[in-house]
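Chemist:
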Amino acid sequence: MTSVLSTTIGFAPLIPVWALIALAIAAALVLLSGLASGMRGAFLRALVAAIGLLWLSGPRALHETHRDLPQTALVLVDQTGSMAIRDRAAIARAAAQALGANVPQGLTLRTVTVRDERANGTHLFDALAQAAADIPPEQFAGAVVITDGQTLDTPEKIPERLSPRDSAGKIATLPLHVLMTGRSEETDRRLRVLQAPPYAIVGQPATLRVQVDDAGPGARAGAQAIVTVREDGADKLEAPVTVGKPQDIQLPVTHPGETLVALSVSELPGEVSTLNNQDVVRINGVRDRLKVLLVSGTPNQGERVWRRLLKADPSVDLVHFTILRPPDKDDGTPLSDLALIAFPVQELFQDKIEQFDLIILDGFENRAILPPVYLRNIARYVRNGGGLLLTAGPEFVGPGSLQDTAVGDILPAHVPLSVPGETPSGVTVQRFRPQLTEDGRRHPVTAELPGAPPQSATASPTPAGDLSGQWGPWYRALKPDSSHGEALMSGPDGAPLLILDHVDRGRVALLLSDQIWLWSRGEYGGGPQAELLRRISHWLMKEPDLEEERLEARIADGALTVTRHTEAANPPAGVTITAPDGTSSAATLRSAGPGVFTARIPASQPGVWQADDGERRAYAAPRQADPAEFADLRLTATHMGPMAQRTGGRVAWLGDDPSHLAVPALHVSGGATSSSASAQTSLDFPLRRASVATGATSTPIFPGALALVLALAALGFGWWREGRG
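Going by my numbering, the sequence shown opens with residue 3, and the numbers climb by one from there.
1) Do the stretch 551 to 561 and the stretch 520 to 538 make contact, defined as three or more Cβ pairs closer than 8 Å?
2) Can you check which of these residues, G218, P258, Q213 and S266, is closest to K238 by C-alpha distance?
3) Helix, strand or coil, according to DSSP, for T563 in the structure here?
4) In the DSSP output, what is E240 paired with across the bridge?
5) Could you please give me the residues that DSSP links to I173 through a beta bridge?
6) Roughly how many whole angstroms lie between the Cα atoms of V105 and V670?
7) Over the uninterrupted alpha helix (DSSP H) stretch that includes L377, give me the two end residues.
8) Helix, strand or coil for S676? Go by DSSP, reduced to three states.
9) Does the beta-carbon of V375 have 16 or more other beta-carbons within 10 angstroms, so that it is buried, or is it exposed?
10) Under 9 Å, do G529 and G493 count as touching if we go by C-beta distance?
11) If you compare alpha carbons, which of T699, G560 and R369 is closest to S403?
12) Does N279 come out as helix, strand or coil in the three-state DSSP assignment?
13) For F127, name the three-state secondary structure that DSSP assigns.
14) Ignoring anything shorter than 4 residues, give me the alpha helix (DSSP H) runs that lie fully in the stretch 506 to 544, in order along the chain.
15) Below 8 Å, how does it come out for the stretch 442 to 450 and the stretch 531 to 545: are there three or more Cβ pairs, yes or no?
16) Going along the chain, which residues of its own chain have a beta-carbon closer than 7 Å to the beta-carbon of T300, five neighbours each way excluded?
17) What ranges does the beta strand (DSSP E) occupy inside the stretch 632 to 658, keeping only unbroken runs of at least 3 residues that lie completely in it?
18) For A75, does the three-state DSSP call read helix, strand or coil?
19) Use the C-beta contact count for Q252: other C-beta atoms within 10 angstroms, 16 or more gives buried, fewer gives exposed.
20) Output the distance between the C-alpha atoms of Q107 and F687, rounded to the nearest integer angstrom.
21) Helix, strand or coil: how does DSSP classify A588 here?
22) Mind checking whether P258 and K481 have CB atoms under 9 Å apart?
23) Under 6 Å Cβ to Cβ from A97, same chain only, skipping five residues before and after it: list those, please.
24) Output the boundary residues of the alpha helix (DSSP H) element that contains R369.
25) Find the nearest neighbour of L413 within the set V229, L390, G428 and P177, judged by alpha-carbon distance.
26) May I ask you to list the residues that DSSP assigns as paired with H322?
27) List, from N- to C-terminal side, the alpha helix (DSSP H) runs of 4 residues or more that fit wholly inside the stretch 81 to 144.
28) Taking all protein chains shown into account, decide if E240 is buried (16 or more other Cβ within 10 angstroms of its Cβ) or exposed.
29) Helix, strand or coil for V610, going by three-state DSSP, please let me know.
30) In terms of residues, what are the limits of the alpha helix (DSSP H) holding A630?
31) So, helix, strand or coil for W476, using DSSP?
32) Please report the Cβ distance between L520 and L499, rounded to the nearest whole angstrom; I am assuming they are in contact, meaning their Cβ atoms lie under 8 Å.
33) Tell me the DSSP secondary structure of Q437 in three-state form.
34) Based on Cα-Cα distance, which residue from W476, L637 and S420 lies nearest to R435?
35) For T565 and T600, which I take to be in contact (beta-carbon distance under 8 Å), what is that distance rounded to the nearest angstrom?
36) According to DSSP, which residues form a beta bridge with A601?
Below is the structure:
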């Protein structure tokens, strides 16, 4: 850098300043006294005093050497998500490289790449402030931003880093130049989902509110567009909309669980990208209120467990009856003394039976309580799609057993009935620990239950020793002589303990023990009675996440994971994946545990992906990491152009060919931000003239010898004048 020599005048007094002032005052008084008395030679004597005072003040010439400091300009290269459109990112990198290859003398460039570091759009002015934080204000020359013009933090006033104060306290304005990665302003159409319910009731429509916005030279107010809606890959629904106005769309919710709704809008001619012409909405279908009928045959410990479980679920309406006095009981008590509510059998099992989602018979013994017609109604209710859970104890093999009724036709097991006077062969009374069967370890109702015993454990009688690592013991179970369906848990001697079965369109669960309530007491660690009963109940009510045969898909971290749950011995070997653009590919399923098979493939396209194993389909869609970044995809100077103009910078268009860019030259002007003709074709930066002192010397201006000669000369001339007089 250039070194500059500057000279200034300074003083280095030979005596204290106060003494110098005192001598000056004394000399002035002597001069005034001489003038007042008419003394001859007073002025010459004053001249001698002045020469002496000047010598004592020590005048010196100060010589300082300064070195000019380089000034730094920032180059911000936008590489955020919207720059991935077309060749914007490559153009920005090429332009930054071209600027760095032709830097004028006295200017250095600091290049900073701005990437997606937050989830709320591009913030170039924040990046400018952070990048310039460690540059001394007097050495900062301005900034060049190479971008598509999309930033969400354009300030109303000129940023502080671009308006520093100089050494005199005056505010200087530094230029902000904007290089646009294209040829001209572009047009874009955007689909916005203004309102979408996260949950909707199954069987009722959900309302989506959408709006289509056009921006850019091709935008036309009041134009018409078509919004296309697809639910889980179903047939299209097309709705005409007016650009710029909200539009409500009604969608039916047909099943519980997640529904993926893909929305897209027709393309605007000439628009830059259709990436923001689509969106995916997730709506979870929920049942309005799950109605459960619980009938306890007699007061027992288990009904308290049932009530706690069902009353704790806010989505369940529970109707609970306990049979305290069967109709055939005759103990002579007058009816007027009874305060019991009559069991409304007709209302429950004929008039309103179809309104229930689940019927639970807990230790129910039909001792003339339900006539055969109502028992047939229960069986018909199950076959038509209802759910029935029956927990069985000794009453199941007694005279009022449901096995001998129409309900017995839909039960998945038969237990030998008791013969009067003989020991019941179907009832086992011994200590045992419930175990999971092979099917139970795969079935979603019992798979991965908390504290499940290891696969090698058995349900044989156990001594009263340590049961750590096992579920707590039960002491009574029924032993069927025949069964069908899926036995998920086993009891003594490996006999089925929990059996699930499909009956036409409905489902049945049979628990062959009335002692699950023992787990709630925590004996020997207890067991997951609440979780197990919850899963059984929701499986009976056809909860999608508890289906034995199901296909699931989800997208996370740029990959699609397909999971196949099955109990089949030979599951499908693979699935067909269909991307949002319609292209298909095959993926191989690999075992990930008992009854679980998965496949994983990259999934970068936005939109709804489909997985198909030949029998079932599943859908998934990636969640957009930064919706604000892709809200407006235009190449536009409307956001940053006004700020560049206010700072004295310029907006230049680089073109759309990375190999032939119109990159303006850098130029350093001699004063403040230049308005000359060069600023119209180049990126102009002011010369800040920042420097640092590299050395300093001083020489006396009035040496003592010269002062002595002049003083003697003045005295001699005075004496001569006085001698002549």
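Don't be surprised by glycine CBs; every beta carbon is placed ideally from N, CA and C.
Modeler: By the coordinates alone:
1) In this structure the stretch 551 to 561 does not touch the stretch 520 to 538; the number of beta carbon pairs closer than 8 Å is below three.
2) K238 has its Cα closest to that of S266, out of G218, P258, Q213 and S266.
3) The answer is strand: DSSP assigns T563 an E or B state.
4) Beta-bridge pairing links E240 to T230.
5) DSSP, once it has assigned bridges, lists R167 as partnering I173.
6) Straight-line measurement puts the Cα of V670 at about 10 Å from the Cα of V105.
7) Looking at the DSSP string, the run of the alpha helix (DSSP H) that includes L377 is P374 to R385.
8) Residue placement at S676 is poorly supported in this model, since its pLDDT is 43, which falls under 50; the coordinates still yield a value, given next. Coil, per DSSP.
9) With fewer than 16 other Cβ atoms inside 10 Å of its own Cβ, V375 counts as exposed.
10) Contact: no.
11) Among T699, G560 and R369, the Cα nearest to that of S403 belongs to R369.
12) For N279, the secondary structure class from DSSP, reduced to helix, strand or coil, is helix.
13) Three-state result, F127: helix.
14) Segments of the alpha helix (DSSP H) lying fully in the stretch 506 to 544: 531 to 542.
15) By the Cβ criterion, the stretch 442 to 450 is in contact with the stretch 531 to 545, since at least three pairs of Cβ atoms, one from each stretch, lie closer than 8 Å.
16) Same-chain partners within the cutoff: I325 and G365.
17) Qualifying beta strand (DSSP E) stretches, in chain order: 653 to 655.
18) The three-state secondary structure of A75, taken from DSSP, is strand.
19) When all chains shown are included, Q252 counts as exposed.
20) Cα to Cα, Q107 sits roughly 12 Å from F687.
21) In the structure shown, the three-state DSSP call for A588 is strand.
22) Not in contact: P258 and K481 (Cβ atoms no closer than 9 Å).
23) If we look at A97 and ignore the five residues flanking it on each side, its Cβ neighbours are I148, L181, L656, L663 and V665.
24) That residue, R369, is in no alpha helix (DSSP H); it is neither H nor E in DSSP.
25) For the set V229, L390, G428 and P177, the Cα lying nearest the Cα of L413 is the one of L390.
26) Per DSSP, L296.
27) Runs of the alpha helix (DSSP H) inside the stretch 81 to 144: 90 to 103 and 126 to 133.
28) Flag for E240 reads exposed.
29) The three-state secondary structure of V610, taken from DSSP, is coil.
30) For A630, there is no enclosing alpha helix (DSSP H), as DSSP marks it with neither H nor E.
31) Here W476 sits in strand by DSSP.
32) Wrong, their Cβ atoms sit about 13 Å apart, outside the cutoff.
33) Note: Q437 maps to strand in three-state DSSP.
34) For R435, the closest C-alpha among the options W476, L637 and S420 is that of W476.
35) About 5 Å separates the two Cβ atoms, so the contact holds.
36) Per DSSP, V564.
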